[in-house]
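Residue numbers (our numbering): 4 to 191.
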């Protein structure tokens, strides 16, 4: 089985490929422009983008959207995490949190799959905190500053093998894979 992931991020493509490999699902990159609606909910953003692409590209197209919701910042950057990362980076986010005791955050991922003209959305969520300083050399994006609850290490310190089993993206894509290999295969 193969899905086509709409992304320009080679790290995300590799991560999703590693997550789905145990399910026997191959991932190829679909170089398509996705339309992103302005919304606070990553599930709604992914769903609308997938609906749009489904019309043009058909089945097995997957759109993923991720948000980092920092409690002390009122949920900012939320679904705008990519833009914030590109503009102010990790140092800018840490500067916004200087002197702030409440560093709780939630990483949310929505993976929207087009199949049979319908879009199914699968969600993953990991609670954690924002570190005081970046730590670790693995991963990408916010991985050096996000500490999942109870681990005392950032995603970047965990390594891909651990991160790709517990992350918000791992949860969403594992649900997608389970659905594809059970529910969807029965419908075919």
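Just so it is clear, CB atoms sit at the ideal spot from N, CA and C, and this is done for glycine as well. These numbers were taken from a predicted model, which means no experiment stands behind them.
Specify the secondary structure class of residue i as computed by DSSP and reduced to three states.
i, result
"residue 25", "helix"
"residue 186", "helix"
"residue 126", "strand"
"residue 157", "coil"
"residue 79", "coil"
"residue 87", "helix"
"residue 64", "strand"
"residue 106", "coil"
"residue 36", "coil"
"residue 162", "coil"
"residue 167", "helix"
"residue 74", "helix"
"residue 42", "coil"
How would you call residue i, buried or exposed, if buried means at least 16 neighbouring beta carbons within 10 angstroms?
i, result
"residue 174", "buried"
"residue 55", "buried"
"residue 30", "buried"
"residue 104", "exposed"
"residue 171", "buried"
"residue 37", "buried"
"residue 68", "buried"
"residue 101", "exposed"
"residue 50", "buried"
"residue 150", "buried"
Starting from the C-beta of residue i, find all residues in its chain whose C-beta is less than 6 Å away, skip the five residues before and the five after it, and write them out in chain order.
i, result
"residue 91", "none"
"residue 22", "167, 173 and 176"
In this structure, what does DSSP give as the bridge partners for residue i?
i, result
"residue 220", "Examination of residue 220 is not possible in this model, given that the chain is present from 4 through 191 alone."
"residue 6", "30"
"residue 118", "121"
"residue 140", "DSSP output for residue 140 lists no bridge partner at all."
"residue 131", "108 and 151"
In chain order, what residues of the same chain have a beta carbon less than 7 Å from the beta carbon of residue i, not counting five sequence neighbours either side?
i, result
"residue 72", "78, 81, 108, 109 and 111"
"residue 32", "8, 10 and 16"
"residue 18", "167 and 172"
Determine the contact status of residue i and residue j, defining contact as a CB-CB distance below 9 Å.
i, j, result
"residue 133", "residue 65", "no"
"residue 48", "residue 113", "yes"
"residue 25", "residue 93", "no"
"residue 169", "residue 179", "no"
"residue 143", "residue 14", "yes"
"residue 126", "residue 28", "no"
"residue 40", "residue 53", "no"
"residue 129", "residue 46", "no"
"residue 87", "residue 148", "no"
"residue 152", "residue 106", "no"
Leaving out five residues before and five after residue i in sequence, what residues of the same chain have Cβ atoms less than 8 Å from its Cβ?
i, result
"residue 146", "139, 157, 158, 159 and 166"
"residue 59", "35"
"residue 89", "none"
Check whether the Cβ of residue i lies closer than 9 Å to any Cβ atom in chain B.
i, result
"residue 13", "Here there is only one protein chain, and chain B is not present."
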